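Please read the structure below before turning to the comments.
Protein chains: 2
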Amino acid sequence: MCELLGMSANVPTDICFSFTGLMQRGGRTGPHKDGWGIVFYEGKGLRTFKDPQPSSQSRIAKLVQEYPIKSCSVISHIRQANRGGIALENTHPFTRELWGRYWTFAHNGQLSGYTHLETGRHNPVGETDSELAFCWLLDELERKYPTKPEDMTAMFRHVAGLCDQLRALGVFNMLLTDGEYLMTYCSNNLHWITRRAPFGPARLIDEEVEIDFQKETTPNDIVTVIATQPLTNNEQWHKMQPGEFNLFLLGERIASTDL
Amino acid sequence: MCELLGMSANVPTDICFSFTGLMQRGGRTGPHKDGWGIVFYEGKGLRTFKDPQPSSQSRIAKLVQEYPIKSCSVISHIRQANRGGIALENTHPFTRELWGRYWTFAHNGQLSGYTHLETGRHNPVGETDSELAFCWLLDELERKYPTKPEDMTAMFRHVAGLCDQLRALGVFNMLLTDGEYLMTYCSNNLHWITRRAPFGPARLIDEEVEIDFQKETTPNDIVTVIATQPLTNNEQWHKMQPGEFNLFLLGERIASTDL
């Protein structure tokens, strides 16, 4: 059913620790072996690493694990295929341009009765429900906001309302970012944690790796990690509720269903 | 002033040999140290590797050099910045969706008096003349062909006419692909070679590497490589003329200014 991983931080931060845990779920400690991808933003630009091969065996995933690329906004996905075959064009995350910025999206879940959704000029390339849903979101946003809106928080609240419509068609857990803001939407499985000073040790569930974040950070760092299931077994993760959305900026949660 | 590298092949082929030569020109045997990128197509999907760091020192370029990714259509670019600073969003190649396919573009050259070019809904993200020119091409194509045209060769001839307009604004050497077709357009510097049976040895100019293609290929393989300057010193490369375009499909040249 796939797993998601995201990060929002106020300083460029690498995600090697969390990605090391996630990677194992792509074929070793988990069944999500039908491809993986990760997108790192640096300013307005981004780098994508993708492979239709299982992450636990991928040479490219190994590079990402060992080569610390620092970023303030990251989305990653490991796939267990349902809609759409195993192929690069069906591998998340998906990236499209809107309002002169690159938008990146990843989905965990499965939709039914979705093929009626209009995507306008944002054509899917692959065959997944996920990519089509993303194209639909972009089309809806472009119709409502022909140019980039002033009030981005209000715009993301509108996206949450659109996600409610998608959730009515099945399971729709989502991460969405423009490189600055990172939005989460939960159907059934999504967790988050914000790490800030005083930092402490963290222990991965899927690999024998422990890290002392106090040695890796400064007292001003704020780093939020989002994952389908908690990646560590010694920290307190928040579990999101069905229909809950959260909006993060520079690591801080700035809006939510309840905020 | 940048260098381009492209490949069109009738069987998935790796570009490690040519890329090894090109890499050196990004900071060692050449001055193109302001970032590099490469796009490999696999079916309708693609993989992008980019770095704003010089290719001759890039860890990611080293992976690409050593990890043979097989593809029928590849575009690569090493940059010497003029318009737009050194940043990931200004690093070629650029990829956008049109007609449900990913289109990839790279440019070598510099334009002036181009900011009036309309790009419609295809907004540039970075600050280069190159990306803006690409967005203008996409907008022009979408206006003329609201859906994917039947006659792709005629469409590419139309693109060549659009490139003539860009060439009037400065230096415009270009590679453009949708993963199937690969088009080249020359202002001043672009060369190509089609390798087919009987294959022979090839010797790089920029690195002490020689390969015997006969050991790497089957008799049916057809592989065209395009480069700003020839990469080998023992083969016969064709030099393109100003205003010349060529269209390749599965390694064969199927259309040209003269064909």
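Listed in order, the protein sequences are those of chains G and B. Residue numbers for the first sequence, in the working numbering: 2 to 260. Residue numbers for the second sequence, in the working numbering: 2 to 260. Backbone N, C-alpha and C define an ideal beta-carbon position, used for all residues, glycine too. From a predicted model like this one, the values you see are computed outputs, not experimental measurements.
Ala198(B) and Asn221(B): beta carbons closer than 9 Å?
-> Result yes, Cβ atoms of Ala198(B) and Asn221(B) sit closer than 9 Å.
Identify every residue that forms a DSSP beta bridge with Lys45(B).
-> Partner(s): none; Lys45(B) has no beta bridge.
Segment limits, alpha helix (DSSP H) that includes Arg214(G) | Inspection of the sequence shows that residue 214(G) is occupied by Phe rather than by Arg. Segment Phe214 to Glu217, the alpha helix (DSSP H) holding Phe214(G).
Identify the continuous alpha helix (DSSP H) that holds Cys17(G) and give its terminal residues.
-> Run containing Cys17(G): Cys17 to Gln25, per the alpha helix (DSSP H) assignment.
Got a sec, what are the start and stop residues for the alpha helix (DSSP H) Leu167(G) sits in?
-> Residues Met153 to Arg168.
Between Glu143(B), Asn189(B), Met175(B) and Phe18(B), which lies nearest to Glu212(B) when the distance is taken from Cα to Cα?
-> Note on residue identity: the sequence assigns Ile, not Glu, to residue 212(B). Checked all of Glu143(B), Asn189(B), Met175(B) and Phe18(B); the closest Cα to Ile212(B) is Phe18(B).
Extent of the continuous beta strand (DSSP E) to which Trp137(G) belongs | Looking at the DSSP string, Trp137(G) is not in any beta strand (DSSP E); the run it does join, the alpha helix (DSSP H), is Asp130 to Lys145.
Chain-order list of residues whose beta-carbon lies under 7 Å from that of Met153(G) (same chain, five-residue window excluded) = Correct list, in chain order: Tyr182.
Is there at least one Cβ from chain G nearer than 9 Å to His108(B)'s Cβ?
-> Residue-level contact by beta carbon fails for His108(B) and chain G, as no gap is shorter than 9 Å.
Per DSSP, the bridge partner or partners of Ala107(G) | The partner list for Ala107(G) (beta bridge, DSSP) reads Leu176(G).
What residues match up with Asn247(B) in a beta bridge as DSSP calls it?
-> When DSSP reads this structure, Asn247(B) sits in a beta bridge with Thr185(B) and Ser257(B).
Measure from the C-beta of His117(B) to each C-beta in chain G and report whether the shortest distance is under 9 Å.
-> Taking CB atoms only, His117(B) has no neighbour in chain G less than 9 Å away.
Per-residue contacts from Tyr103(B) into chain D (C-beta, under 9 Å) | No chain D appears in the structure shown, which is made up of the protein chains G and B.
For Val12(G), the first and last residue of its enclosing beta strand (DSSP E) = Run containing Val12(G): Glu4 to Thr14, per the beta strand (DSSP E) assignment.
From Ser188(G) to Ala88(G), what does the alpha carbon distance come to, in whole angstroms?
-> So the two alpha carbons sit approximately 26 Å from each other.
Could you pull the start and end residues of the beta strand (DSSP E) that Leu99(B) belongs to?
-> For Leu99(B), the enclosing beta strand (DSSP E) has its first and last residue at Phe95 to Leu99.
Interface partners of Thr233(G) on chain B, CB under 9 Å = What Thr233(G) touches in chain B, judged by beta-carbon distance under 9 Å, is nothing: the nearest beta carbon there is about 28 Å away.
Beta carbon proximity, Glu151(G) to chain B, threshold 9 Å = Chain B, which has no Cβ nearer than 9 Å to the Cβ of Glu151(G), makes this no.
Kindly list, in the order they appear in chain G, the residues whose Cβ is closer than 7 Å to that of Arg97(B).
-> Chain G residues near Arg97(B): Glu98.
Find out if the Cβ-Cβ distance for the pair Thr49(G), Arg48(B) is shorter than 9 Å.
-> In contact: Thr49(G) and Arg48(B) (Cβ atoms closer than 9 Å).
For Val210(G), three-class secondary structure by DSSP = In the structure shown, Val210(G) sits in coil (DSSP, three-state: anything other than H, G, I, E or B).
Leu205(G), DSSP secondary structure in three states | DSSP places Leu205(G) in strand when its eight states are reduced to three.
Specify the secondary structure class of Ser113(B) as computed by DSSP and reduced to three states.
-> If DSSP states are grouped into helix, strand and coil, Ser113(B) belongs with coil.
Whose C-alpha, out of Val226(B), Ala169(B) and Thr219(B), is nearest the C-alpha of Gln237(B)?
-> For Gln237(B), the nearest C-alpha among the options comes from Val226(B).
Identity of the residues DSSP links to Asp52(G) by a beta bridge | According to DSSP, which records beta bridges pairwise, Asp52(G) is partnered with Trp37(G).
Could you spell out the range, first to last residue, of the alpha helix (DSSP H) harbouring Ile61(G)?
-> Ile61(G) -> alpha helix (DSSP H) spans Arg60 to Glu67.
Does any C-beta atom of chain B lie closer than 9 Å to the C-beta of Tyr182(G)?
-> With its beta carbon at least 9 Å from every one in chain B, Tyr182(G) lies outside the interface.
8 Å contact criterion, which Ala10(G) and Ile223(G) should meet: CB distance rounded | Confirmed, about 7 Å.
Can you find at least 3 beta carbon pairs, one from the stretch 134 to 141 of chain B and one from the stretch 114 to 125 of chain B, that sit closer than 8 Å?
-> Per the Cβ contact rule, the stretch 134 to 141 of chain B is in contact with the stretch 114 to 125 of chain B (3 or more Cβ pairs under 8 Å).
Determine the closest residue to Gln242(B) out of Asp259(B), Arg80(B) and Phe249(B), with distance taken between C-alpha atoms.
-> Each of Asp259(B), Arg80(B) and Phe249(B) was checked against the Cα of Gln242(B), and the nearest Cα belongs to Asp259(B).
Can you name the residues of chain G whose CB is closer than 8 Å to the CB of Thr49(B)?
-> Ordered by position in chain G, the residues that pass the 8 Å Cβ test against Thr49(B) are Arg48 and Thr49.
For Thr195(G), the first and last residue of its enclosing beta strand (DSSP E) | Here the beta strand (DSSP E) through Thr195(G) covers His192 to Arg197.
Relative to chain G, which residues along the stretch 225 to 251 of chain B have a C-beta separation below 8 Å, given in chain order?
-> Cβ contacts with chain G come from no residue of the stretch 225 to 251 of chain B.
From the DSSP output, read off the bridge partner residues of Arg102(G).
-> Looking at the DSSP assignment, Arg102(G) forms a beta bridge with Leu99(G).
Measure the Cβ-Cβ separation of Val12(B) and Ile39(B) and say whether it is below 9 Å.
-> Not a contact, by the Cβ cut-off of 9 Å.
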